[in-house]
Amino acid sequence: AQVERVAFTKTGTTSIGTIHLTAHHIIFRYDDGKEKEIWVPYPLISLVTRLPQTLQGQSPINFNTRTFETFSFTFTKDSDASDVFESVKELTVSTSVTQLYAFFYSPSPPFSASDGWSLYSPRDEFGRMGVGTRTKAWRFTDINKDYSFSATYPARLVIPTRISDTTLQYASKYRSKCRIPVLSYLHWANYGTITRSSQPMVGITQNRSVQDEKLIEAVFQSHWSPESRASNTPVYGATSTNLIIDARPTVNAVANSAKGAGTENMDHYKDSKKVYLGIDHIHTMRESLAKVVEALRDADSLLATINNDLPEQLPTLAVLDRQALRRSGWLRHIAAILEGTLLITRNVHVNSSHVLVHCSDGWDRTSQLSALAQLCLDPFYRTIRGFEILIEKDWLSFGHKFLDRCGHLSSEKFFLSPTEGVSSGAGADAAQAFLASVQNRFASQTHIKETSPVFHQFLESVRQVQRQFPNRFEFNERFLHQLYYHLYSCQFGTFLYNCERERRVGDGGPPPCERTISVWDYFNSPTEMAENKNPAYDPSLDDPMARGPGADMGVLFVNPKDVRFWHELYGRTDEEMN
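In full-length UniProt numbering, the protein residues as written are 1 to 578.
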């Protein structure tokens, strides 16, 4: 379908061109042919609003995207606007993952890189850390090889050598969704570790599990050399402060015991301390970002009104409400995540100790903290390949629910058109009034209860570390920005599912990982690699042997007080947002 002579308006400037609606994109082609076409994949659309007819009898449709852009198409014929609105709605609302673009996309020419789906091998990656070589305290287990032990966990798990699979079977009943404590990271400089799990099923009756206690004790003693176990002399961790980190606010953690879950009773976990990080749950984060988006949208609609009334030569005014941005609490949440990151980094590197991280299910806040701490602890994860492996390991294999959190199956997409009463006559005022009611409705709707910008928050946190340490990352800001774009574009199969099992096991047919292309094949193609390299990167600073002033052995201690909006992501200037 295509419509000609359509006015396209974005940030106050209007151009004329043709709209094409294809199976997976809206394409706008400029009539003057001077500018590049604009392609918008349907999954990037977050809100489509049909506005009332203008006094000149034109029919506008307003679009908001997941990438924080606002634009509108204005049609001379109302029937065209109607058709486009209905078609876009039909094309955007998918009821099954296999309808998404990734299942139809095939790059031409094909990418030169094609090992994206096998980029992360648990054997190789944990081997690189020293599992089985540098230390014999850890072993692989295949207890979950067919995902029957824990459906949302990876097939291959790393656990303390002295714990048997039988003990794991018993321990699993004590952790929500059978997500038992397993290894995520073994530190190169000592034998400190990061393990992760879900919350314990303590309940009101204060249940305990001897097997869970034994498993965690084995984790916390894993730096003792096996040879010296008889004499019980710790080789490392003389100042050991083993931590169980509950990422939740204390109140939430305790409230969960009414639902049969809760938090560890520390009387049963010896030689360790508990810390609550007070990071809010997914619903709070969703509402917080909605307030940021609302401030951006208010500025956009204000800008449009001002610019229409101003003579051409006056500059556009910055109208972003800084107070509204501050009230969103978004940066406060990022700071809390970075506080937790710093605590874990210190405990593993400086105290040569162990950290077990969990939240409720262990796939949202736990993934954020575990991955960010590893980014700070291990220079490998600050290379392009290492960062890809980190995401594969701590987000994809450990079951962050990308499908639910991103809301790819667009029941949360909004398509709004004015009620009949508004549509005639009152023109601009009616449009403003209608837009205002839409904004309110949008802000107050909780959408699907499961959507939340958890991975976005992780990327924005990585951006803070990258901004604080500009020469310590092989990749630049663009790389993170592109990653954010493809989180929602649905062009690749990587971020379409909730867990490893869903990607690796087909329902009767070939699995999704064989039917779609991995996002890493795109990022590892030569053109992208060149675009995403950070020219300021200096790997020599990561030399663990360097002892000069300012040498840090390649371990970064992030400053949680230095947080700023990732303004490039929101399409704004630093001055506007920060």
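Every residue, glycine too, gets a C-beta built ideally from N, C-alpha and C.
Next item on the list: Put Thr65 into one of helix, strand or coil per three-state DSSP.
Entry: In the structure shown, Thr65 sits in a strand (DSSP, three-state: E or B).
Check: Are the stretch 190 to 204 and the stretch 348 to 359 touching by the rule of at least three beta carbon pairs closer than 8 Å?
Finding: The stretch 190 to 204 is in contact with the stretch 348 to 359.
Check: Going by Cα to Cα distance, which pick from Tyr484, Arg564, Leu51 and Ile244 is closest to Asn578?
Finding: Out of Tyr484, Arg564, Leu51 and Ile244, Arg564 has the C-alpha closest to the C-alpha of Asn578.
Margin query: Can you tell me where the beta strand (DSSP E) holding Pro520 begins and where it ends?
Written below: For the sequence presented, residue 520 should be read as Trp rather than Pro. Following the DSSP letters along the chain, one finds Trp520 in no beta strand (DSSP E) but inside the alpha helix (DSSP H) bounded by residues Val519 to Phe523.
Notebook entry, point to check: Short check: CB of Ser176 to CB of Ala255, under 7 Å?
Noted result: Not closer than 7 Å, so no.
Next item on the list: Examine the Cβ distances between the stretch 278 to 293 and the stretch 327 to 347 and report whether three or more of them are shorter than 8 Å.
Entry: In this structure the stretch 278 to 293 lies against the stretch 327 to 347, because at least three pairs of beta carbons, one per stretch, are closer than 8 Å.
Next item on the list: With a 10 Å radius around its C-beta and 16 neighbouring C-beta atoms as the bar for buried, classify Val210 as buried or exposed.
Entry: Per the 10 Å Cβ criterion, exposed.
Item checked: Val275: first and last residue of the uninterrupted beta strand (DSSP E) it sits in -> That run of the beta strand (DSSP E) goes Ser272 to Tyr276.
Next item on the list: Report, in whole angstroms, the separation of the C-beta atoms of Leu480 and Arg463, which I expect to be a contact under 8 Å.
Entry: Confirmed, about 6 Å.
Next item on the list: Assuming Ala253 and Tyr269 form a contact by the criterion Cβ under 8 Å, report the distance between their Cβ atoms to the nearest whole angstrom.
Entry: Between Tyr269 and Ala253 the Cβ distance is about 15 Å, and since that is not below 8 Å, they are no contact.
Check: Taking the alpha-carbon positions, what's the Pro418 to Phe495 distance?
Finding: The alpha-carbon of Pro418 is positioned some 34 Å away from that of Phe495.
Item checked: Euclidean distance between Cα positions of Ala290 and Glu339 -> Going by the C-alpha atoms only, they are around 23 Å apart.
Note to self: Buried or exposed, going by whether 16 or more other CB atoms sit within 10 Å of the CB of Gly509?
What the structure shows: Classification for Gly509: exposed.
Check: Which runs of the alpha helix (DSSP H) spanning at least 4 residues fall entirely within the stretch 182 to 262, listed in chain order?
Finding: Entirely contained in the stretch 182 to 262, the alpha helix (DSSP H) runs reaching 4 residues are, in chain order, 210 to 220 and 250 to 255.
Notebook entry, point to check: Between the Cα of Leu541 and the Cα atoms of Asn471, Gln58, Val251 and Ala1, which residue gives the shortest distance?
Noted result: If we check each option's Cα against that of Leu541, Asn471 comes out closest.
Notebook entry, point to check: When we look at the beta-carbon of Met201 and count the other beta-carbons within 10 Å, is it buried (16 or more) or exposed?
Noted result: By the neighbour-count criterion, in which a residue is buried when 16 or more other Cβ atoms sit within 10 angstroms of its Cβ, Met201 is buried.
Notebook entry, point to check: So the alpha helix (DSSP H) Val88 belongs to, where does it begin and stop?
Noted result: Run containing Val88: Asp78 to Thr92, per the alpha helix (DSSP H) assignment.
Next item on the list: Measure the CB-CB distance between Phe85 and Arg139 and report whether it falls below 7 Å.
Entry: Taking the C-beta atoms as reference points, Arg139 is found no nearer than 7 Å to Phe85.
Notebook entry, point to check: What three-state label does DSSP hand Lys173 in the structure shown?
Noted result: Coil at Lys173, not helix or strand.
Next item on the list: Going by DSSP, name the residue or residues bridged to Leu157.
Entry: For Leu157, the beta-bridge partners assigned by DSSP are Thr141.
Check: Between which two residues does the beta strand (DSSP E) carrying Phe398 extend?
Finding: Membership of Phe398 in any beta strand (DSSP E) is not indicated, and neither H nor E is assigned to it by DSSP.
Item checked: Distance, Ala546 Cα to Asp552 Cα -> Taken atom to atom, the span from the alpha-carbon of Asp552 to that of Ala546 is near 8 Å.
Notebook entry, point to check: Nearest-angstrom Cα distance between Thr67 and Arg162?
Noted result: Cα to Cα, the separation comes out at about 48 Å.
Check: Are Lys10 and Phe71 touching if we call contact CB-CB under 7 Å?
Finding: Yes, they are a contact pair.
Next item on the list: Using three-state DSSP, classify Val97 as helix, strand or coil.
Entry: In the displayed model, Val97 falls within a helix according to three-state DSSP.
Check: What residue ranges within the stretch 338 to 377 form continuous beta strand (DSSP E) runs of no fewer than 3 residues, ordered along the chain?
Finding: Counting only runs of 3 or more, we get 354 to 358.
Check: Can you list, in chain order, the residues of its chain whose CB lies under 6 Å from that of Val519, leaving out five sequence neighbours each side?
Finding: Closer than 6 Å at the Cβ level, and outside the excluded window around Val519, lie His486, Phe492 and Thr494.
Notebook entry, point to check: Name the DSSP bridge partner or partners of Val3?
Noted result: Per DSSP, the beta-bridge partners of Val3 are Ile19.
Next item on the list: May I have the straight-line CA-CA distance separating Glu227 from Thr516, to the nearest angstrom?
Entry: Legend: pLDDT at Glu227 = 41, less than 50; position of this residue unreliable, no value from coordinates given.
Checklist line | Through-space distance from Leu409 to Ser82, alpha-carbon basis | finding: Approximately 23 Å, taken between the alpha carbons.
Notebook entry, point to check: Which two residues bound the contiguous alpha helix (DSSP H) that contains His481?
Noted result: Per DSSP, His481 belongs to the alpha helix (DSSP H) from Glu477 to Ser489.
Margin query: Just to confirm the assignment, what range does the beta strand (DSSP E) spanning Val555 have?
Written below: Taken as a continuous stretch (DSSP letters only), Val555 belongs to no beta strand (DSSP E), as it is neither H nor E.
Item checked: Chain-order list of residues whose beta-carbon lies under 6 Å from that of Gly237 (same chain, five-residue window excluded) -> Low local confidence applies: a pLDDT of 43 at Gly237 is under 50, so the model's placement there is unreliable, and no value is given.
Next item on the list: Count the other C-beta atoms from every protein chain shown that fall within 10 angstroms of the C-beta of Ile204, then say buried if there are 16 or more, exposed otherwise.
Entry: Exposed, because fewer than 16 other Cβ atoms sit within 10 Å of the Cβ of Ile204.
Notebook entry, point to check: DSSP beta-bridge partners for Pro41?
Noted result: Pro41 has His25 as its beta-bridge partners, per DSSP.
Next item on the list: Please report how far the alpha carbon of Gly132 lies from the alpha carbon of Val293, in whole angstroms.
Entry: Looking at the two C-alpha atoms, the distance is approximately 48 Å.
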